[in-house]
Amino acid sequence: PSPTISDPSSSSSPDARRLDGLASSEMTMGRTSREKGKRGERELAQALRDLGIDARRSVQYSGREGTADLTTSLPGVHWEAKRYARIAALRFLEQAERDSPATDLPVVACREDRGPWTVIVRLEDLPRLAEKIAEHLET
330 PSPTISDPSS SSSPDARRLD GLASSEMTMG RTSREKGKRG ERELAQALRD LGIDARRSVQ
390 YSGREGTADL TTSLPGVHWE AKRYARIAAL RFLEQAERDS PATDLPVVAC REDRGPWTVI
450 VRLEDLPRLA EKIAEHLET
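The numbering used here numbers the first residue of the sequence shown as 330 and each following residue consecutively.
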């Protein structure tokens, strides 16, 4: 006999009704999260354009590896846009901004145990950091 699929909302089982509500809220949350991600990608693309870098959202396919969130005029750079209500690592950057003299560029380097170093810098400060690195390497 083939299994019968019933409407959980018509079931008298509280578990069936609870699971139906959970599935519905998870689907809504997924859609909301995707829309927020798209908005973040558009915002980042505009911020990069404001810096003189040609940027647009990439055509993406779910689960496809190697596809960046943005396509830019910087060859060999893979851009991923992450937008969250709060990012804990940004508290470190805020501390660096508070503690550094106004003439210094606040940069945070952090890593997990046995992990690689990661650098955090404000996007608008990235050209200045690149310039400082280039000047240093020329000397």
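Think of the CB as a built atom: it goes at the ideal place given N, C-alpha and C, for glycine as much as any other residue.
- Here T361 is not bridged, per DSSP, to any residue.
- Assignment of beta-bridge partners to R385 by DSSP yields T400.
- In the structure shown, A376 adopts helical secondary structure according to DSSP, grouped into three states.
- Residue state for A414 is assigned as coil, using DSSP reduced to three classes.
- Distance from the CA of R412 to the CA of L455, rounded to the nearest whole angstrom, comes to 18 angstroms.
- In the structure shown, A431 adopts coil according to DSSP, grouped into three states.
- Remark: C-beta atoms of R420 and L434 do not approach each other more closely than 8 angstroms.
- Between C439 and T447, the CB-CB gap stays under 8 angstroms.
- Beyond the five residues adjoining it in sequence on each side, L452 comes within less than 7 angstroms, by CB distance, of A376 in the same chain, given in chain order.
- Nearest Cα to E409 within the set I416, G366, Q424 and L466: G366.
- Between I382 and T401, the gap from beta carbon to beta carbon is short of 8 angstroms.
- The C-alpha of E467 is placed about 10 angstroms away from the C-alpha of K461.
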